[in-house]
Every structure is written in C-alpha cells, then in structure tokens.
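Chemist:
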Amino acid sequence: MEDKQIIDLYWERAEDAIRETSAKYGRLCQYIAQNILSSPEDSEECVNDTWLGLWNAIPPQRPNHFSAFIGKIVRNLALKRFDYLTAAKRSRETVCSLEELGDCVSGKPSVEDELENQRVEEAIDRFLWTLGETKRTVFIRRYWYFDSISSICRRTGFSQSKVKSMLYHTRQKLRDYLESEGIEL
C-alpha cells in the first residue's frame, strides 16, 4: 500500500492504518529501536509506542515523507527509553555514537531551546546535502541508525580505519559548518 493511502487511513481513523504501517515499516522501526536499545523487549515496546504516536500525530499532521516521519518518532522514543535505562544497561555503540557527536552539538534539552534546536536540525540537514552520497550515507548510518563501525564496514566494503577517518573528518566539517551558520557549540 502506498504511503498516501496509509496516511488517508489515519485521517479516516481506520484501525487498518496501524496494520498497514506495521506491515510496511515494522522492520525499519525495529531496526532503529534495536540499534539504540540493544534489547528485543525494549525495542518491541518502543515500536508499539510508535504506532500510538502515529495515531495521535495523524491527524493533524500530514507528513510528506512518511518513512522519515515514522523513523523520527521511533528514534525519539528509543532515545527517551535509552535515557530511562540505567547506565550499566546502555548500548556501548549508542553511547559511543552520541559521545562522538557531542563535540558538534551541545544537546541542551529544554523547552526554551526548541526554536534553536529546529534551527540546528535544519542546518545539519543542509550540511548533509553538501556531502557526497557515500559520506552522507556513512554519517547517517552511524548517527541516525546507530550502526556500529563494523556494520558500516560490511555495508560499504570500507576498512574500519577508512570509516573512522571519514566520520572524523565529516564531524569536523559539520562543526565548521555549524559555526559558520552562527550556531554556538
């Protein structure tokens, strides 16, 4: 079923919307949640919460890119769940990914910073489109999907040192780009 048809089902408040969304995007949501949480049970709970989040968000929203909309919801829910979990149970890959980006984005969570967060998000989006497809894909696999370095190596055929170097240089370029946009780090 096409995304537009699924979104129409949400607008009609038809329960088939959740079934169709799960059929089309369940594996993607599970993948994102599992990479962040490293727990099948927590991931499943997060995916189920994603369906509820979609139900509550549509309407009033009518997303243009449904898969990205779903991915953002599941990722945010998984990150909230991640924060809730004790430090001893956290995924080493997720902690490492977040620490790597910590130099580029301050991550000050507060209601007052919502507009600034949106500005940073838009700047990062613009920055990503300045990269070549390979660098952009590696960066997104690491920091959006929280793929491990070895997983990225398997996907791309690159060595670990090449992937690490690519990520390091891309983070440096991101830092410079954000500073040039007047974003305080």
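Counting from 1 along the sequence shown, just add 627 to a position and that's the residue number in this note's numbering. Just so it is clear, CB atoms sit at the ideal spot from N, CA and C, and this is done for glycine as well. Keep in mind it's a predicted model, so treat the numbers as computed, not measured.
Using CA atoms only, rank isn't needed, just tell me which of L794, R768, T797 is closest to Y658.
Modeler: Looking from the CA of Y658, the closest CA among L794, R768, T797 belongs to R768.
Chemist: Going by beta-carbon coordinates alone, are Y772 and N703 separated by less than 7 Å?
Modeler: No; because the gap between Cβ atoms is not below 7 Å, this pair is not in contact.
Chemist: Use the C-beta contact count for W638: other C-beta atoms within 10 angstroms, 16 or more gives buried, fewer gives exposed.
Modeler: With fewer than 16 Cβ atoms within 10 Å of its Cβ, W638 is classed as exposed.
Chemist: Cβ of I634 within 7 Å of Cβ of T648?
Modeler: no
Chemist: How many Å lie between D669 and R654 at the Cα?
Modeler: 15 Å
Chemist: If you draw a straight line from the C-alpha of I810 to the C-alpha of Y795, how long is it?
Modeler: The alpha-carbon of I810 is positioned some 20 Å away from that of Y795.
Chemist: Counting only the same chain and skipping the five closest in sequence on each side, list residues whose C-beta sits under 8 Å from that of R763.
Modeler: L755, W756
Chemist: Can you find the residues in the same chain that come closer than 8 Å, C-beta to C-beta, to S786, ignoring five residues on each side of it along the sequence?
Modeler: C780
Chemist: Run through DSSP, which three-state label would H692 get?
Modeler: coil
Chemist: Suppose contacts are defined by Cβ-Cβ distances below 7 Å. Is L636 in contact with D630 by that definition?
Modeler: no
Chemist: What three-state label does DSSP hand I779 in the structure shown?
Modeler: Note: I779 maps to helix in three-state DSSP.
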